[in-house]
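Undergrad:
Residue numbers (the working numbering): 426 to 614.
1) Nearest-angstrom Cα distance between residue 509 and residue 451?
2) I need the DSSP call for residue 499, collapsed to helix, strand or coil.
3) Can you round the beta-carbon distance between residue 496 and residue 463 to whole angstroms, since I take them to be within the 8 angstroms contact cut?
4) State the Cα-Cα distance for the pair residue 444 and residue 455, rounded to the nearest angstrom.
5) Can you round the beta-carbon distance between residue 458 and residue 501 to whole angstroms, since I take them to be within the 8 angstroms contact cut?
6) Select from 439, 483, 481, 524 the residue whose C-alpha is nearest the C-alpha of residue 504.
7) How big is the Cα-Cα spacing for residue 514 and residue 522?
8) Might you give, ordered along the chain, the residues of its own chain that have their beta carbon closer than 8 angstroms to the beta carbon of residue 466, omitting 5 neighbours on each side?
9) Cβ of residue 493 within 9 angstroms of Cβ of residue 453?
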């Protein structure tokens with residue numbers, strides 16, 4: 426099933442790159458760690474127990490016959506893209522990053538003692554999120570000010586033990602602010 430999604434992405438990227446450049450890419454290489462998925466994509470007749478995946482693998486088979494993609498087997502240990510979806514021990518994590526062409530610049534950030542680089546990656550993500558986007562954590566909407574023409578009555582709630590601060594009933598207004606923040610008499614409800 427993942428092979429059909431990868432085939433769709435590969436065909437799209439090949440067409441996109443052909444439009445951007447003068448180079449004519451004939452075929453994209455897909456690497457899979459499932460021998461059974463490769464066999465199902467290459468054979469012409471499906472076994473009876475594989476009827477439910479017939480349509481998706483027909484698409485992969487058509488792409489193979491049209492030379493849009495070339496599917497090769499790679500062992501799970503050598504699959505570099507797994508680092509994007511699974512936590513690995515530190516040595517394998519950094520090996521996969523190097524295989525993808527990602528250079529590690531975290532000389533002071535390695536957490537070898539934890540045994541996995543997953544915690545280091547998540548810690549770095551959280552650090553960057555809260556430090557880099559701290560301005561995003563502040564409210565964006567302006568504070569709503571009551572126009573000067575309206576009298577400002579202090580906030581009085583009917584269940585308090587004191588009398589209203591003015592002669593007669595106090596008119597309580599709900600001031601709505603952008604994104605759904607309600608205030609009662611200008612104070613928090």
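Glycine is no exception: its CB is placed at the ideal position from the N, C-alpha and C atoms.
TA: Taking the geometry as given:
1) The residue you call residue 509 lines up with position 84 of the chain shown. The residue you call residue 451 lines up with position 26 of the chain shown. Whole-angstrom Cα-Cα distance: 28 angstroms.
2) Residue mapping note: residue 499 aligns to position 74 of the chain shown, counting from 1. Residue 499 falls in the coil class under three-state DSSP.
3) Along the chain shown, read from residue 1 onward, the residue named residue 496 stands at position 71. Along the chain shown, read from residue 1 onward, the residue named residue 463 stands at position 38. At roughly 5 angstroms, the Cβ-Cβ gap stays under 8 angstroms, so residue 496 and residue 463 are in contact.
4) Translated into positions along the chain shown, residue 444 becomes position 19. Translated into positions along the chain shown, residue 455 becomes position 30. Answer to the nearest angstrom: the Cα atoms are 21 angstroms apart.
5) Position 33 of the chain shown, counted from the first residue, corresponds to residue 458. Position 76 of the chain shown, counted from the first residue, corresponds to residue 501. Between residue 501 and residue 458 the Cβ distance is about 5 angstroms, and since that is below 8 angstroms, they are a contact.
6) Here residue 504 is taken as the residue at index 79 of the chain shown, counted from 1. For residue 504, the closest C-alpha among the options 439, 483, 481, 524 is that of 524.
7) For the purposes of this step, residue 514 is identified with residue 89 of the chain shown, where counting begins at 1. For the purposes of this step, residue 522 is identified with residue 97 of the chain shown, where counting begins at 1. Each residue's Cα considered, the two are about 12 angstroms apart.
8) By one-based count along the chain shown, residue 466 stands at place 41. Hits under 8 angstroms: 428, 482, 485, 486, 489, 496.
9) Numbered from 1 along the chain shown, position 68 holds the residue referred to as residue 493. Numbered from 1 along the chain shown, position 28 holds the residue referred to as residue 453. Yes. Within cutoff.
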